[in-house]
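>
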Amino acid sequence: MISTSEPIIKQLLLPSEPKSLLSLESWVNSLCDAYEISVEIYGNILIALSEAVNNAISHGNGNVFEKNTLVVSSLDKKKLVFTITDQGNGFDFSQLPDPTSPENIEKPQGRGIFLMNHLSDGVSFEEPGNKVEITFQL
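Residue numbering for the sequence shown is -12 to 125, as defined by my numbering.
Right, dumping it as structure tokens:
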């Protein structure tokens, strides 16, 4: 694992199309290789970021190709933080339905943020809801 006193910042700009998830995977692979991230944390990062970027593309940007999603990583000592920002209007992140409640359990969507929360060490949204920060302790 790389140890540094200054944060290392990398970014990826993705168009709003499903194949952008392949570019994201390649980018995450190269980051995790460079930072010598464990396989367990790598899997959590890949799934959490895939969910966040998919939400940004589908819900935030409405699959409008001309709208982009920006993914920024910042490595600082033993913490890796990802910020995902879309060009949408945002959403009310204080009103998220519980995907484990009986009325939602069989719905095919609505688990992305739930997964992000359970696979990372922290998820926070910024107003107006088009920017999410996902933290991983290394």
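We put the CB at the ideal spot given by N, CA and C, even for glycine.
For Leu83, count neighbouring C-beta atoms within 10 Å of its own C-beta (all shown protein chains included) and say buried if the count is 16 or more, exposed if not.
exposed
> For Phe101, which of helix, strand or coil comes out of DSSP?
helix
> Please report how far the alpha carbon of Tyr29 lies from the alpha carbon of Asn16, in whole angstroms.
Approximately 8 Å, taken between the alpha carbons.
> Would you call Ser60 buried or exposed, if buried means 16 or more other Cβ atoms sit within 10 Å of its Cβ?
buried
> Would you please state the rounded distance, in angstroms, between the beta carbons of Lys127 and Asp73? I believe it to be under 8 Å.
The first residue shown for the chain is -12 and the last is 125, placing residue 127 beyond what the model contains.
> The alpha helix (DSSP H) spanning Gly30 covers which residue range?
26 to 42
> Work out the CA separation of Lys6 and Phe123 for me, nearest whole Å.
25 Å
> Between the C-alpha atoms of Leu125 and Ile(-5), what's the straight-line distance to the nearest angstrom?
14 Å
> Quick check: what's the CA-CA separation for Leu33 versus Leu62?
Their Cα atoms are separated by approximately 16 Å.
> Any idea which residues DSSP pairs Gln96 with across the strands?
Note: Gln96 sits in no beta bridge, so no partner.
> Let's see if you can read the secondary structure: which residues bound the alpha helix (DSSP H) around Glu12?
7 to 21
> Looking at the secondary structure, which residues open and close the beta strand (DSSP E) in which Asn55 lies?
55 to 63
> Evaluate Ser81 with the Cβ neighbour count: other Cβ atoms within 10 Å of its Cβ, from every protein chain shown; 16 or more gives buried, anything less gives exposed.
exposed
> Under the DSSP definition of a beta bridge, which residues are partnered with Pro2?
Asn55
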